[in-house]
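Visitor: Input: one structure, supplied below.
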Amino acid sequence: MIIEALIGFTFLAALVVMLAPDEYAGRLAFGLSLLPVVGSLYMWSQFDATGNALLEGGSLAFETQVPWLTAAGYQIQWFVGVDGISLPLIVLATVLSSLAILSAWTPIDSRQSQFFGLMLFMEANLLGVFTALDFFLWFVFWEAVLVPMYFLIAIWGGPRRKYAAIKFFVYTNIASLIMFIGFMALVFNLDVNTFGLPAVAVALRSGGLSGAFGLSPTALKTAAFAAMFLGFAVKVPVVPFHTWLPDAHVEAPTPASVMLAGVLLKMGTYALLRFNFTMLPDVATQYAGVIAIFAVVSVIYGALLALAQQDLKRIVAYSSVSSMGYVILGLVAYTQLGVGGATFQMVAHGLISGLMFMAVGVIYNVTHTRMVGDMSGMADRMPVTVGILVAGAFGYMGLPLMAGFAAEYFIFQGAFASSVIPVAPLFTAVAMFGIVIVAGYLLLAMQRTLFGPFRLETDYEVTRAELHDTLPLMVLLLCTIALGVAPDIFFTMIKEAVTPILAIGGGA
Amino acid sequence: MAAFDYAPAIVLLPFVSFLVSLGAALYGDDVLPKGGALAGIVATAGSLILSLWVFFTVSAGNVYNQTIYTWTTGAGAAGEEALELTFGLLLDPLSSMMLIIVSLVALLVHVFSLGYMNDEGETGLPRYYAGLGLFSASMLGFVVAHNILMAFMFFELVGLCSFLLIGFWFREPGPPSAAKKAFLVTRFGDYFFLVGVVAIFATFGTGRFAGAESFPVLAEEVLAGEVAVNTFGFAPTTWFTVVGLLVLGGVIGKSAQFPLHTWLPDAMEGPTPVSALIHAATMVAAGVYLVARMYGFYAVSPTALAVIALVGGFTALVAATMGVVKREIKQVLAYSTISQYGYMMLALGAGGYVAATFHLLTHAFFKALLFLGAGSVIIAMHHNENMWDMGGLKDRMPVTYWTFLSGSLALAGIIPFAGFWSKDEVLYEALVHGLGTDGGLGTIFLVAYAFGLLAVFFTGFYTFRMVFLTFHGDARTGQARDPEGVGWNVKGPLAVLGVLAAVTGFVNMTPVADLFDLDIEYLHRWLEGPEGVEFMSALSAHHYLELLESDVTGIHAAELDPLIPGGVSLLLALAGVGLAYALYGRGEPEEYTAKLGGVQDLLYNNYYQDEYQVAIAERVVLPLSRAADKFDQSGVDGVVNGVSSVSLFSGSRVRRVQTGLVSNYAALVTLGLTVLLVAFGIYGGWLL
Amino acid sequence: MVPAEWYLILAAAVFCIGVFGLLTRQNALLFLMSVELMLNAANINLAAFSYYWGNVTGQTFGLFVMALAAAEVAVGIGIILVLYRNFSAVDVTDATTMRW
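Chains as they are written, first to last, in the UniProt record's numbering: chain A, 1 to 508; chain B, 1 to 688; chain C, 1 to 100.
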């Protein structure tokens with residue numbers, strides 16, 4: 001019941017905040033958002049699931065399965081539960097939402113109650129995405145996440161907010177549609193009578209698929225895999241489906257950027273892992289080389305693009321493309337460290353990119369510019385913020401004993417000896433070159449904005465940031481270091497959940 | 001052993017001092033007395049005492065190789081056992097010796113910083129001491145690491161500290177740029193290192209340095225055909241060479257070897273004590289130390305050894321020639337550092353494991369001494385580093401002069417100072433192995449030896465050019481005539497290091513031992529390690545020698561009297577010193593190097609090494625990224641916007657139907673109805 | 001008894017007059033009247049068929065249509081008033097400000 005309580009409470013909190021007066025909305029929202037944090041941490045402490053949620057031989061934690069309605073002979077259920085892959089993401093979503101709300105106190109100065117209400121509404125839907133195990137239910141949450149994000153960008157965004165919001169919404173929505181068609185094509189030709197994801201996964205592997213549309217079962221699988229991969233690749237985003245991301249990030253208000261980079265992108269990789277790589281491992285292993293090329297291109301090309309940017313937010317946005325490429329590489333490796341590391345990277349990147357966006361946002365609050373050329377020597381005026389930003393940047397570069405290094409190292413180690421990816425060592429080595437480019441663009445940007453003599457091209461008085469601005473940064477930094485020093489906080493349960501995937505991956 | 005139980009504290013003490021200073025930095029400069037220096041001094045002193053305790057415990061025949069904390073575990077390949085990713089300590093003769101070097105130099109640098117930073121009225125001192133504390137902790141962690149992943153992690157942390165400390169004066173334009181360059185260039189090397197680490201774990205399933213299940217031992221067994229590992233389709237020798245060279249990438253970056261040496265001279269933008277600690281005595285040594293740490297792995301790959309020797313010898317010579325024309329005292333020392341680490345690489349490559357370790361030891365002391373001495377001079381000169389503005393400081397700052405002279409004699413390799421013994425052994429090892437080894441490998445060793453030998457002359461020359469310009473002759477500026485005095489906190493560390501630079505060589509006087517048949521090669525014996533400890537047998541110096549002489553590697557030493565090569569190198573060094581005296585030691589010195597013309601420009605610009613590397617970054621990578629950005633904006637995003645523009649365009653056309661005139665709508669409806677009726681009529685068959 | 005065809009022809013004629021008015025007039029009031037004509041054409045049909053089949057359901061619907069026509073006039077007059085207020089005329093071709 002705790003999942004229902006968590007989601008229900010967050011929806012309720014969203015409603016309450018929507019109706020609250022603007023002056024108190026921020027504080028109220030932050031206070032209310034702490035309860036889901038406590039709830040998710042409680043779930044972490046009580047976690048007792050074994051195995052993978054979609055595969056036999058395990059047990060879910062906090063499971064609820066209630067019939068909801070029947071449509072066209074298919075049973076739709078309220079089916080939620082948690083395994084070692086979803087729980088870290090739930091904790092990430094609650095913690096990051098809470099901190100994003102806190103970081104929004106300063107920059108959001110109009111229609112606060114609606115803003116914070118939408119943030120909580122989004123959080124509730126995110127929790128739904130990461131817990132739902134029935135396709136219909138999952139899809140409802142999946143689509144519902146877009147709505148608050150659309151408004152967050154379109155109302156509180158920058159000068160080109162309309163363009164960015166519509167691009168974001170339409171692009172990801174069309175992708176969802178393609179993915180939906182792909183999945184439905186599978187289910188309708190499968191001998192199941194439910195949208196429950198575990199049942200679908202089992203039926204797919206037991207060969208219950210019949211051909212359709214003139215395609216053999218194998219061809220149908222491949223087509224469905226391609227459709228779903230395309231759909232999720234937009235969300236991740238994988239090059240070349242990434243162009244909505246920088247626009248959305250640049251125009252979005254900082255707290256929305258934090259959520260977008262920190263959690264929303266992980267929906268894509270989470271879904272890839274759940275659908276493509278767990279349900280259709282045979283197709284994934286067959287086309288591992290192609291997928292690995294997508295991954296490597298994302299890493300290197302994304303990093304190169306980041307190098308060319310002048311807007312701090314754009315830099316972090318493109319570097320997200322690069323970091324998510326590692327996730328794809330880890331997933332397709334089909335090794336414990338590879339898939340586990342990819343899952344760990346979802347959490348690690350969520351924390352670190354959230355930290356980076358927040359820190360850039362704090363600087364933007366006082367300078368009202370994010371362009372690299374407009375400022376320098378910010379370390380002189382904002383030592384604490386800049387200190388944390390530097391720490392976060394090194395975390396992004398994969399500094400050991402921070403979460404990013406752990407995740408990236410796991411992925412590299414897992415991918416290097418993967419028997420699924422052809423010429424795995426070469427792919428891995430090329431992808432690893434990303435760690436040099438990331439150091440290049442982050443160091444260059446830091447040198448030009450944070451260090452050197454102080455200079456600012458805007459007419460604003462630079463003051464020290466408030467405690468409630470820097471507090472979320474510190475919390476995120478500490479989380480990052482904690483996960484880097486003791487990855488087993490999450491990695492043990494992640495390993496437990498990904499190991500069954502490897503067995504079916506055909507990698508052995 | 002009790003000492004081993006407390007060994008983690010060697011690393012943790014400086015880390016605590018880092019936390020203390022960091023906390024103080026958050027609250028301002030004045031929270032801690034001396035800006036946090038005391039915490040650092042206490043911590044590094046504690047580390048030094050514990051290191052000595054460990055040293056004596058090791059010398060009593062105990063060694064330690066234990067995992068302390070399991071980071072995590074996980075399988076890196078299908079159907080294989082989970083890899084153990086751990087933190088642990090390996091305390092053997094090599095690491096316990098290095099612990100003392102690092103903690104001693106760290107302590108002295110902390111003390112020296114009181115004079116260089118506190119007394120000079122710097123601000124932001126807690127940040128400075130936090131950096132020093134974190135650096136000491138990371139470096140000590142690197143030294144005691146018992147597996148290569150842990151070593152890599154601390155290797156990177158050390159790089160971070162280097163970045164933070166080079167960029168300490170972040171308000172000026174130069175230091176942040178130098179810090180960026182240092183981190184980026186070493187990161188480029190570390191990329192190869194990380195690939196190597198991953199490859200080692202993927203190949204051997206372990207990253208341990210010592211023990212029956214360690215990767216050097218496994219590599220040896222694989223080559224002996226006893227066990228099989230995944231070599232990714234290559235022959236084991238080839239693959240081990242590839243892996244070894246990958247790890248070597250990190251070594252070349254960190255130890256500032258050609259062609260990744262360009263960051264080190266720039267790193268002199270940092271405070272001088274930092275240069276002494278990080279960019280001379282310890283961090284730069286990390287690369288060489290790493291090769292020594294996993295020497296068993298390199299010893300089975302002749303190709304890797306040849307590369308190491310050649311890179312080392314070449315770097316030693318090239319860097320020494322560049323040091324000849326520099327005007328700033330710290331720049332001379334920077335190039336000399338690069339050159340000296342080249343010697344160590346040369347020794348390692350040419351099979352002189354003990355010689356390299358020996359030079360590592362002596363160099364740490366005399367180079368730290370020279371940098372601190374330079375720091376003392378810089379204080380006196382009110383932070384003017386140009387040697388042409390100095391002169392005649394000998395009488396005005398005698399302590400600095402005499403200690404600096406001790407360090408210079410050691411650096412130049414003049415008997416009986418420390419550097420003579422170690423450099424002589426390096427060159428001797430290269431020579432005998434070059435003569436004794438057949439085929440191309442022997443030739444390569446001889447070429448590397450020739451480089452090294454030639455560099456001896458340049459070393460003697462630039463060292464004493466520096467000494468004469470700085471201390472001898474008449475004062476050339478007002479600053480030099482009236483230098484600022486330095487306190488005990490500067491003189492103390494100088495005195496300690498001055499003595500060490502003079503006497504450290506006596507621990508391993510191989511030529512004397514051979515000549516008089518004495519048993520005084522203490523370092524050789526020390527690096528043999530205690531008898532009867534299982535894992536030590538694979539880490540001992542004679543085991544490495546066995547590996548080198550095995551059929552796999554095939555390196556052999558020729559019989560040669562050590563006196564003649566030692567005499568040759570001493571003569572060369574003296575010739576260099578003599579030339580320096582002739583040119584700069586008498587009367588008013590001139591810029592003789594200006595007469596070199598184009599050669600001087602070439603040397604002064606470091607053979608244009610920086611230029612081409614900057615050109616790669618600025619003319620290749622940046623334009624490439626801009627082109628990618630352009631392609632992304634117009635190409636990839638162009639397609640996206642193109643697709644959307646189709647619907648936007650068609651929408652803009654189709655909506656013209658909505659004229660807003662209700663009559664038009666009515667007409668359309670009527671027309672539609674009529675068309676429907678006609679159609680029904682035709683198909684219904686009752687109209688035509 | 002008059003055959004059903006004549007009623008249908010009458011209804012079609014009335015409807016066509018209504019459509020003609022709708023298509024040619026620009027005055028909103030005349031629009032309303034034309035619509036009334038069309039509705040009543042439908043009413044004639046309903047009554048005629050009701051009589052033809054001897055079933056009162058059609059006449060019942062006729063009553064519904066009358067009620068509907070009354071409601072429609074009420075709404076229509078309201079719209080016309082707003083139109084007049086905004087454009088100072090009851091010409092339907094003026095009100096094109098919301099297109100595109």
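The beta carbon of each residue, even a glycine, is placed where N, CA and C say it ideally should be.
What span of residues does the alpha helix (DSSP H) with A:I421 cover, start to end?
Guide: Within the first sequence, numbered from 1, the residue matching residue 421 of chain A stands at position 421. Per DSSP, A:I421 belongs to no alpha helix (DSSP H) and is neither H nor E.
Visitor: Rounded to the nearest angstrom, how far is the Cβ of residue 689 of chain B from that of B:Y428, given a contact under 8 Å?
Guide: No statement about residue 689 of chain B is possible, as the shown extent of chain B runs from 1 to 688 and does not include it.
Visitor: Have a look at A:A465 and A:L355 and give me their C-alpha separation to the nearest angstrom.
Guide: If you number the first sequence from 1, residue 465 of chain A lands on position 465. If you number the first sequence from 1, residue 355 of chain A lands on position 355. A:A465 and A:L355 have their alpha carbons spaced roughly 15 Å apart.
Visitor: When you compare only the Cα positions, how much space is there between B:G392 and B:A202?
Guide: If you number the second sequence from 1, residue 392 of chain B lands on position 392. If you number the second sequence from 1, residue 202 of chain B lands on position 202. Distance between the alpha carbons of B:G392 and B:A202: 60 Å.
Visitor: From the beta carbon of A:V384, is the nearest beta carbon of chain B less than 8 Å away?
Guide: Start at 1 with the first residue of the first sequence, and residue 384 of chain A comes out as number 384. Judged by the 8 Å Cβ criterion, A:V384 is in contact with chain B.
Visitor: Could I get the ranges of all uninterrupted alpha helix (DSSP H) runs contained in the stretch 110-157 of chain A, with 4 residues as the minimum, in chain order?
Guide: 112-131 and 135-156
Visitor: Rounding to the nearest angstrom, what Cα-Cα distance links B:H472 and B:D482 in this structure?
Guide: In the second sequence, the residue the question calls residue 472 of chain B occupies position 472. In the second sequence, the residue the question calls residue 482 of chain B occupies position 482. For B:H472 and B:D482, the distance between alpha carbons rounds to 15 Å.
Visitor: Which residues in chain A sit within 9 Å of B:R525, going by Cβ to Cβ distance?
Guide: Here residue 525 of chain B refers to the residue found at position 525 when the second sequence is read from its first residue. Near B:R525 there are no residues of chain A at all, since even the closest Cβ is about 36 Å away, more than 9 Å.
Visitor: Between which two residues does the beta strand (DSSP E) holding C:E72 run?
Guide: As a first step, residue 72 of chain C is located in the third sequence; it is residue number 72 there, counting from the start. From DSSP, C:E72 is part of no beta strand (DSSP E) but of the alpha helix (DSSP H) over T57 to F87.
Visitor: Within a Cβ cutoff of 7 Å, which residues of the same chain sit near C:V92, ignoring the five residues on either side of it in sequence?
Guide: Here residue 92 of chain C refers to the residue found at position 92 of the third sequence. Correct list, in chain order: Q26, A28 and F31.
Visitor: Relative to the alpha-carbon of residue 696 of chain B, which residue among B:L515, B:S540 and B:P8 has its alpha-carbon at the smallest distance?
Guide: Residue 696 of chain B lies beyond the stretch modelled for chain B, which goes from 1 to 688, so this question has no answer here.
Visitor: Tell me, please, whether the CB atom of C:M33 is closer than 8 Å to any CB atom in chain B?
Guide: What you label residue 33 of chain C is simply residue 33 of the third sequence in a count that begins at 1. Residue-level contact check: C:M33 does not touch chain B, since none of the beta carbons of chain B fall below 8 Å from its beta carbon.
Visitor: Determine contact between the stretch 53-69 of chain B and the stretch 221-239 of chain B, defined as no fewer than three beta-carbon pairs at a distance below 8 Å.
Guide: no
Visitor: Hey, quick one: how far does the beta strand (DSSP E) through A:Q65 stretch, first residue to last?
Guide: Position 65 of the first sequence holds residue 65 of chain A. A61 to A71 is the extent of the beta strand (DSSP E) around A:Q65.
Visitor: I'd like to know if the stretch 413-421 of chain A and the stretch 326-343 of chain A are in contact, where contact means that at least 3 CB-CB pairs between them fall below 8 Å.
Guide: yes
Visitor: Determine which residues share a DSSP beta bridge with B:N386 and list them.
Guide: If you number the second sequence from 1, residue 386 of chain B lands on position 386. Partner(s): B:E328.
Visitor: What do you reckon, is the C-beta of B:G349 under 7 Å from a heavy atom of the ligand FAD?
Guide: Of the ligands one can find in the structure shown there are none, so the ligand FAD has no counterpart to examine.
Visitor: So, are the CB atoms of A:F277 and A:I494 less than 8 Å apart?
Guide: By one-based count along the first sequence, residue 277 of chain A stands at place 277. By one-based count along the first sequence, residue 494 of chain A stands at place 494. It is not a contact, given that the beta carbons lie outside the stated cut-off.
Visitor: When you compare only the Cα positions, how much space is there between B:V217 and B:S540?
Guide: Stepping through the second sequence from its first residue, residue 217 of chain B is reached at position 217. Stepping through the second sequence from its first residue, residue 540 of chain B is reached at position 540. B:V217 and B:S540 have their C-alpha atoms some 12 Å from each other.
Visitor: Which residues in the same chain have their Cβ closer than 8 Å to the Cβ of B:V324, if we skip the five residues on either side of it in sequence?
Guide: Position 324 of the second sequence, counted from the first residue, corresponds to residue 324 of chain B. Cβ within range, chain order: F458, F461, Y462, R465, T593 and L603.
Visitor: Quick check on DSSP: helix, strand or coil for A:G350?
Guide: Walking along the first sequence from the start, residue 350 of chain A turns up at place 350. Looking at A:G350 - three-state DSSP - the assignment turns out to be helix.
Visitor: Give me the Cα-Cα distance between A:G414 and A:H242, rounded to the nearest whole angstrom.
Guide: On the first sequence, position 414 is the one that residue 414 of chain A refers to. On the first sequence, position 242 is the one that residue 242 of chain A refers to. A:G414 and A:H242: Cα-Cα distance of roughly 25 Å.
Visitor: Return no unless some Cβ of chain B is closer than 8 Å to the Cβ of A:M432.
Guide: Within the first sequence, the letter at position 432 stands for residue 432 of chain A. At least one beta carbon of chain B lies nearer than 8 Å to the beta carbon of A:M432.
Visitor: What is the rounded straight-line gap between the Cα of C:V56 and the Cα of A:G73?
Guide: Translated into the one-based positions of the third sequence, residue 56 of chain C becomes position 56. Translated into the one-based positions of the first sequence, residue 73 of chain A becomes position 73. Whole-angstrom Cα-Cα distance: 44 Å.
Visitor: In three-state terms, what does DSSP make of A:F79?
Guide: By one-based count along the first sequence, residue 79 of chain A stands at place 79. Strand.
Visitor: Hey, out of A:G57, A:F79 and A:F9, whose CA is closest to A:P36's CA?
Guide: Within the first sequence, numbered from 1, the residue matching residue 36 of chain A stands at position 36. Among A:G57, A:F79 and A:F9, the Cα nearest to that of A:P36 belongs to A:F9.
Visitor: Please classify A:M375: does DSSP put it in a helix, a strand, or coil?
Guide: The count along the first sequence starts at 1 and reaches residue 375 of chain A at position 375. Three-state result, A:M375: strand.
Visitor: Using a Cβ-Cβ distance cut-off of 8 Å, determine whether B:V662 contacts chain C.
Guide: Indexing the second sequence from 1 puts residue 662 of chain B at position 662. It does: the Cβ of B:V662 has a partner Cβ on chain C nearer than 8 Å.
Visitor: Going by beta carbon distance, what residues of the same chain come within less than 7 Å of A:A14, once the five residues before and after it are set aside?
Guide: Locating residue 14 of chain A in the first sequence gives position 14, where the first residue counts as 1. Only G117, L120, F121 and A124 meet the Cβ criterion.
Visitor: For chain A, find out if any of its Cβ atoms is closer than 8 Å to the Cβ of B:G167; answer yes or no.
Guide: Here residue 167 of chain B refers to the residue found at position 167 when the second sequence is read from its first residue. By this cut-off, B:G167 is an interface position.
Visitor: Please look up how many angstroms separate the CB atoms of A:A284 and A:A348, rounded, as I've assumed it's under 8 Å.
Guide: If you number the first sequence from 1, residue 284 of chain A lands on position 284. If you number the first sequence from 1, residue 348 of chain A lands on position 348. Going by Cβ atoms, the distance from A:A284 to A:A348 rounds to 23 Å, so no, they are not a contact pair.
Visitor: Name the chain B residues whose beta carbon is nearer than 7 Å to that of C:M98?
Guide: By 1-based counting over the third sequence, the position of residue 98 of chain C is 98. Those are G660, listed as they occur along chain B.
Visitor: What are the residues that DSSP puts in a beta bridge with B:E84?
Guide: The count along the second sequence starts at 1 and reaches residue 84 of chain B at position 84. Paired residues: B:T73.
Visitor: Would you decide whether B:R208 is buried or exposed? Buried here means 16 or more other CB atoms lie within 10 Å of its CB.
Guide: Taking the first residue of the second sequence as position 1, residue 208 of chain B is located at position 208. Burial call: buried.
Visitor: Say whether chain C places a C-beta atom closer than 8 Å to the C-beta of B:A627.
Guide: Looking up residue 627 of chain B in the second sequence gives position 627. No, because no Cβ of chain C sits closer than 8 Å to the Cβ of B:A627.
Visitor: For B:A145, which three-state DSSP category applies?
Guide: As a working mapping, residue 145 of chain B is identified with position 145 in the second sequence. DSSP places B:A145 in strand when its eight states are reduced to three.
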